[in-house]
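Mapped onto this note's numbering, the consecutive letters of the sequence shown carry residue numbers 158 to 1004.
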Amino acid sequence: MKKQSMTLCALILALILAAGVSAAEEFVPTKTAAPGQLVGDIDGDGEVNAEDRLILSRFLAGWEDYKLYFRKDGSELPPVPLNGDALTWRIEDGTLVIEGTGRMRDYSSADPAPWADRAAEIRSARIADGVTSAGNRAFAGCSALTAPPAFPASLTSIGDEAFDGCSAMKGELTLPENLAAIGSYAFADCSGLTGTLSVPASVTAIGKRAFSGCGITGASFEGNAPEVGASVFGDRGTGFAVQCKKEFAESFNADTVFSASGLTWHGYRLTVLSENPGDDGQITASGTCGPNLTWTLFESGLLEIEGTGPMEDYSAAGLSSTAPWQEYLVTALKIQDGVSSIGSYAFYFDKQIKSTLSGTLTIPDSVTSIGQYAFSGCTGLSGKLIIPDSVTSIGSGAFYNCTGFTGDLSIPDSVTAIPEKAFGKCSGFTGTLSISDSVTSIGNSAFSDCGGFTGSLTIPGSVKSVGSWAFSNCNGFNGSLTISNGVTAIGAGAFSGCTGFTGDLIIPNSVVTMEAEAFRGCTGFSGTLTLSERPTNIYRYTFENCSGFTGELIIPQNVMEIDDYAFSGCSGFTGGLVIPEYVSEIGTGAFQNCSGFSGDLTIRGYSDGHGRPKTKIGDNAFNGCSGFTGNLSFGKGVTSIGQSAFSGCSGFAGDLALSASKIGNNAFFGCKGFDGRLILDEGVHTIGESAFSGCSGFTGDLVVGELVYTLGARAFENCTGFTGTLTLPSNLALIESYTFKGCTGLSGKLTIPAKVTTLGVGVFSGCSGFTGEVEIAATVTTVRSNAFDGCSGLTSARFYGNAPTAPGNTVFGARDDSFLVYRPKNAEGWPEVGARWGEYLTAVFEN
């Protein structure tokens, strides 16, 4: 009730003022307090005094309620329409439009605005001229609202909680020129609002916590101090500044305190601006900042550094630095000619607070060095940053997180090194970046997250090293990237996330090392990639998701390792691919989803001096490279092929010859384009689960290499194209479940070799082409269900040992009595002569 009463009074006063009627002359404010009334004879004692101010402040704080205005004759004012019947609303393409003449009605949590149930649709709002108020909770909870409305000049009040919690509302808030009252919590928790809030001279009352939780960095009052409720701007640190003009300073004095930290108003730092730009007022504080340098802080907030020689270096202290002026509110900076260095941490602000320093920065020609983190966090500095030719040294983090700088940036010829974080997170630059050919090194994160730079970027040949993350996330560049001959090292993530670069990328032969993630996510490159011939390692994620590259990719002969995901997602490469002979490792996902490759893939493989193979192909190395249309060739140097290494490479054709000792699970899963023979020579030892599953195009005989001792489950499942016999090696010990399921083209006699102990579930199920008798070695002790189900061409089975453990009625599927199971005369575990083994008739043969 107190909050609503306060707003009602504010609205009535606003209506009176809007009608051109003087409240002091026409009405007697007997026991009346309105937020719009700066000072009046509230208690009716005939004087305007401290008691009146006390009553008014108590009212604003919500302590007491007072009656509304009365006419001199004692009659009440005519009723003010509160229902907003003269206003209309509609939602049009995501915009809430409110039109008409007069005030908007007030709403509450129990009685929300009529558009509240469609709040998710409202991305913007337009309040038409003629509307005089924004009612209580009118826009509260409009979580999709992305920008503040453009308030009309007719608006005189904004009610309690009007925009409470509109956290998606971003940008600067502009208050209308005739606004008189702002209610409690009006913009509370609008965290997306930014910049300095300009409060028009017409505003005479602001309710408690009206701007608490807002992202605004300060407030500038154009007129007299309004009456305000408690914590009007919420809880703020020393970085939050309130400004007033010198001509209105007296109205702020009653609530102003001078302390070691400077002037404050209601607990917020206060700066009194001079009436004339050249008049900075009286000196607030001063001292020395170097052997021959002095600093002076003026009433206006201007800090002036003058004298000759170097500035003292400072250090970080909490959220700011040990510089003596950090105890005061500094809003502008003037460094006079004669200063030769700007000290470390001189104007440093931690990223957790907002710097109060604003305006353009002029560095005089006398300055030769800028210390580390000298201006770090000075987010209010704006305009173009000009570094004079006199500067030879820029310290680490010197301009880190100075987000307000705009325009181009040129590094002068006098500078030889750009250290780490020197310009990191300077996201406001909007032009080109020019690096002179005197620069020899670019440090780690030197320009990281400078997303506003545009145009092309040239790294001159004088630069020997580009540090890790040096240009990461500089996604505004929209031209070419030129790395000049002379650059020897490119650090980890140096250009990662630079999505705008276009054209070709040439890594010159001067480059010896190129670290992980160097160009990760540079999706904009649209031409060819040329690699330096000198690096021996292409590290992990180096070119991951550089999907725009086109043309053939040539891996230089010097390369010995291609690490995990090095080219993953580079879907634009075309033509064939040759992996040179010295490459000993192709990492996990190295070329995953490089779907544009066509033609042949040749992996030559590396063998040591004794002829031992050394090349390992990692899991998913070529997974999803569906564009290859030619042969896949392996040299003798390949020792292992990882899981799913070529899974989904459905376009390969011709024969496939393998000698790798280990073929991983799903290694060639779904490679249905092969249309020749599968050759597994004696170098192959293990074949993993589903290694060739679905490779339906293989033809001819299938000869499994003599040294293979394990065949994984489903290894050859549905390889329907084989047209010849199956030869299993004598060393084979285990055939897992469904290994040859559905290999309908395999034909001729089937013999299980002498070392096999187990036949898995459904191991030969559906192999309808086998004919005659299947011979099962004496070593077989276990036969799982459905092992030979659907092998309709088999006429009998001959076991050479004791009866295996088996669900006898399902081993060979449904059979009539013409199908016989032969067993040795003296073998154990078999039924009596003439009896059935499960459902199958048995017969005896002499060993």
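Each residue gets a CB set at the ideal place from its N, CA and C atoms; glycine is no exception.
Within the stretch 603-644, complete beta strand (DSSP E) segments of at least 3 residues are found at 614-616 and 638-640, given in chain order.
About 5 Å separates the CB atoms of G862 and D838; that is less than 8 Å, so the two are in contact.
If you look at V496, you'll find it in the beta strand (DSSP E) that goes V496 to I499. Residue state for R761 is assigned as strand, using DSSP reduced to three classes. The three-state reading of DSSP puts K403 in helix, counting H, G and I together.
Cα atoms of E318 and C535: separation of roughly 32 Å, rounded to the nearest angstrom. Secondary structure of E930 (DSSP, three-state): strand.
Annotation: K773 to S764 spans about 11 Å, alpha carbon to alpha carbon. Proximity to G564 across G612, T549, I527 and Y979 peaks at G612, based on C-alpha coordinates. Under a 10 Å Cβ-count criterion, K982 is classified as exposed, with fewer than 16 other Cβ atoms of the shown protein chains found around its own Cβ.
For the options N715, G444 and G805, the alpha carbon positioned closest to that of F748 is the one of G805.
A residue is called buried when at least 16 other Cβ atoms come within 10 angstroms of its Cβ; D522 does not meet this threshold and is exposed. Taking the Cα of L951 as reference, the smallest distance to any Cα among V740, S942, G958 and G923 is reached at G923. The beta-bridge partner set that DSSP reports for E461 consists of T453 and K491.
Residue state for E384 is assigned as strand, using DSSP reduced to three classes.
Contact annotation, L815 with L859: C-beta distance approximately 12 Å; criterion of less than 8 Å not satisfied. Residue environment for G768: exposed (fewer than 16 other C-beta atoms within 10 angstroms of its C-beta).
For P886, the secondary structure class from DSSP, reduced to helix, strand or coil, is coil. A residue is called buried once 16 or more other Cβ atoms fall within 10 Å of its Cβ, and V990, having fewer, is exposed. Contact between the stretch 685-702 and the stretch 661-674 is present: three or more C-beta pairs spanning the two stretches fall below 8 Å. In this structure, the beta-carbon distance from G287 to G257 falls below 8 Å. Comparing C-alpha distances from F956 to each of I909, V920 and S975 shows the shortest one belongs to I909. Per DSSP, the continuous beta strand (DSSP E) segment holding K773 begins and ends at T772 to I774. Between I719 and G756, the C-beta spacing is not below 8 Å. The three-state secondary structure of S894, taken from DSSP, is coil. Contact between L542 and F562 is confirmed by a C-beta separation of about 5 Å, below the 8 Å threshold. Per the DSSP secondary-structure output, F562 pairs in a beta bridge with G540. Note that the C-beta distance between T451 and G444 is below 8 Å. Listed as beta-bridge partners of S797 by DSSP are K773 and K819. Across the structure, G292 and A267 are spaced so that their CA atoms are roughly 14 Å apart.
By DSSP's assignment, W272 forms no beta bridge with any residue. E256: member of the beta strand (DSSP E) spanning T252 to G257, first to last residue. A Cβ-Cβ contact shorter than 8 Å links V399 with R426. Apart from the 5 residues on each side of it in sequence, L891 sits with its Cβ closer than 6 Å to the Cβ of T867 and T915 in its chain, given in chain order.
Within the DSSP secondary-structure output, L734 pairs in a beta bridge with L758. Looking at the DSSP output, G328 shares a beta bridge with L350.
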